[in-house]
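Inspection log for the structure reproduced underneath, given as C-alpha cells.
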Amino acid sequence: MKKKLIASLLLAAGWFNGQSLAEEAKPDFQSYTAALKAEAQSRGYDQALLEAVFSSLQFHERVVSADRSQPEVVETLDTYLPKRVSETRIRMARERYQQYQPQLEEIGKRYGVQPRFIVALWGLESSFGRIQGNYSIPSALATLAYEGRREAFFRTEFFHALDILAQGHIELDNMKGSWAGAMGQSQFMPSSFLAYAQDGDGDGKKDIWTNELDVFASIAYYLKRQGWNNSLTWGREVTLPAGFDAAHAIQRGSLARNEWLSRWDASARSMADWHKLGVRRLNGEALPQREINAALVLPDGPKGRAFLAYDNYKSLMHWNRSYYFVTSVGYLADLIVAEQS
Numbered sequence: 001m002k003k004k005l006i007a008s009l010l011l012a013a014g015w016f017n018g019q020s021l022a023e024e025a026k027p028d029f030q031s032y033t034a035a036l037k038a039e040a041q042s043r044g045y046d047q048a049l050l051e052a053v054f055s056s057l058q059f060h061e062r063v064v065s066a067d068r069s070q071p072e073v074v075e076t077l078d079t080y081l082p083k084r085v086s087e088t089r090i091r092m093a094r095e096r097y098q099q100y101q102p103q104l105e106e107i108g109k110r111y112g113v114q115p116r117f118i119v120a121l122w123g124l125e126s127s128f129g130r131i132q133g134n135y136s137i138p139s140a141l142a143t144l145a146y147e148g149r150r151e152a153f154f155r156t157e158f159f160h161a162l163d164i165l166a167q168g169h170i171e172l173d174n175m176k177g178s179w180a181g182a183m184g185q186s187q188f189m190p191s192s193f194l195a196y197a198q199d200g201d202g203d204g205k206k207d208i209w210t211n212e213l214d215v216f217a218s219i220a221y222y223l224k225r226q227g228w229n230n231s232l233t234w235g236r237e238v239t240l241p242a243g244f245d246a247a248h249a250i251q252r253g254s255l256a257r258n259e260w261l262s263r264w265d266a267s268a269r270s271m272a273d274w275h276k277l278g279v280r281r282l283n284g285e286a287l288p289q290r291e292i293n294a295a296l297v298l299p300d301g302p303k304g305r306a307f308l309a310y311d312n313y314k315s316l317m318h319w320n321r322s323y324y325f326v327t328s329v330g331y332l333a334d335l336i337v338a339e340q341s
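Per UniProt numbering, the very first residue in the sequence shown carries number 1; after that it's consecutive.
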C-alpha cells in the first residue's frame, strides 16, 4: 500500500521513477517537493525534521542557471596552476600548516596521510574554510533534482542530506554549501559525508563546517579509504626525450573510473623502465632508484608538461578526476614544506 501511495503521488505530481514527463506536463516545484516529502515519510524520518526541512525548501533559479551555464574556459596547466596555487594561497597554506601542526601530525599518524596533503586539499576546496558557499543544501539539492538533468543523483543526495540532519551532525540552518550541494570546508557531497566524515575531536559530531579537526580527519580518512600510501608522494614533473612515444602515457578522454584505471594500468611501469625510455627528472638527472611503479600523465597532451604519477595520484583522482586539480594539490603540498629562501 505504501508503494502504491508513493507511486500515485509521484504520478499526480507529473513524475515517475525519477523520469520527467513531457516538458509541458512538468509539475511545479511545490508539487515535486510534495512527492519528495511523501517518499521521505515512507522512509520513516522524524516528522518534526521533515516539517522543518520541507517548509524551508526554496527553488533557486541561480542554481539552475549555474548548472546549465557553467563557463567553458579554455585552460592549460600553465594558466590553471598560477590561479589555483597562487602566492597568497601558498603563504596561507604554510601559515595554517604551522598553526595546526600538532593536530595535523596526530591525525596524519592516525590515518597514515602526510599532513601537507590534508592542508593542500583544505586550501584548494574552501580556501581554508573561508569559502564554503551559502546555499541551503536541502534547497540546492531539491532544486537540482527538480531541474532534472541529473535527477536520480540529486534525489539520492537529498535523502543523504536528510540522513545527516537526522543523525544530528549539523542544524538545518547551518547546513550550507555550494550551489551544487558540496558542503563545508572539505566540500563533501552528502554521500561523501556519510562515507568519509570523521569525528576528529571526539565530541560525538562530524562537523566539517566549523570544526577544523573534523575537517582534517575527514580528508585524511577519505584518502586512506582510497588506498593512500604514506611512504609515497603524489608524483613528479619529468622531461621526455625527443621523439618520445606518447602512447606510453595514460590515454586521454572522459571515462568512467574503472575504464580510467585500466588505462592507468596500461601505462604503469617501473622507474627503471621509464629511465630506459629516456624519462628524466625535471633538472635532467636520473629518476629515483626506487622499486615503485608510476604511470605517465600528460595533462595537455604530448606537447605539454609531463608527470610520472605514483599510486597516491589515483587516490587524489578519486577525490576529483581532473589532472589539473590533482596536479594543483601535489604542487601546493610540495610547496607547503619546501625550503623558503
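Idealized CB from N, CA, C, for every residue including glycine.
query, result
"Can you grab the Cα-Cα spacing for the pair LYS314 / GLU95, in whole Å?", "28 Å"
"Measure the C-alpha to C-alpha separation of TRP122 and ALA25 and round it to an integer number of angstroms.", "44 Å"
"Mapping DSSP to helix, strand and coil, what is LEU124?", "helix"
"Is it true that the stretch 113–121 meets the stretch 146–160, where meeting means three or more beta-carbon pairs spaced less than 8 Å apart?", "no"
"Taking LEU172 as part of the beta strand (DSSP E), name the residues at either end of that continuous run.", "Element bounds for LEU172: n/a, residue is neither H nor E."
"Is it buried or exposed for ARG116, if we count other Cβ within 10 angstroms and need 16 for buried?", "buried"
"Considering Cα atoms alone, identify which of GLN58, TYR310, PRO138, GLU75 is closest to ASN174.", "PRO138"
"Are GLY112 and TRP228 close, meaning C-beta to C-beta below 8 Å?", "yes"
"Can you say whether ARG290 is buried or exposed, counting buried as having 16 or more other CB atoms within 10 angstroms of its CB?", "exposed"
"Roughly how many angstroms separate the alpha carbons of ALA22 and ARG149, rounded to a whole number?", "Since pLDDT at ALA22 reaches only 44, below the 50 mark, its modelled position is unreliable, and the value read off the structure follows with that caveat. Going from the Cα of ALA22 to the Cα of ARG149 covers about 14 Å."
"Taking the C-alpha atoms as reference points, what is the distance between PHE128 and GLY243?", "43 Å"
"Can you name, in chain order, every residue of its own chain whose Cβ lies under 6 Å from the Cβ of LYS205, other than the five neighbours on each side?", "HIS169"
"In three-state DSSP terms, what is MET189?", "coil"
"Buried or exposed, going by whether 16 or more other CB atoms sit within 10 Å of the CB of GLY278?", "exposed"
"Please classify VAL74 as buried or exposed, where buried requires at least 16 other C-beta atoms within 10 Å of its C-beta.", "exposed"
"Whose C-beta lies closer than 7 Å to the C-beta of TRP274 among residues of the same chain, with five residues either side of it excluded?", "LEU287, ALA294, LEU308"
"Please state the DSSP three-state secondary structure of LEU287.", "coil"
"Going by DSSP, what residue range makes up the beta strand (DSSP E) through THR327?", "No beta strand (DSSP E) contains THR327, which is instead part of the alpha helix (DSSP H) from 323–337."
"Using the beta-carbon count (16 or more within 10 Å), is ASN211 buried or exposed?", "buried"
"Nearest by alpha-carbon distance to LEU223: which of SER186, THR239, VAL238 is it?", "SER186"
"Please identify the residue among THR33, ASP207, ARG130 whose C-alpha is closest to the C-alpha of GLU151.", "THR33"
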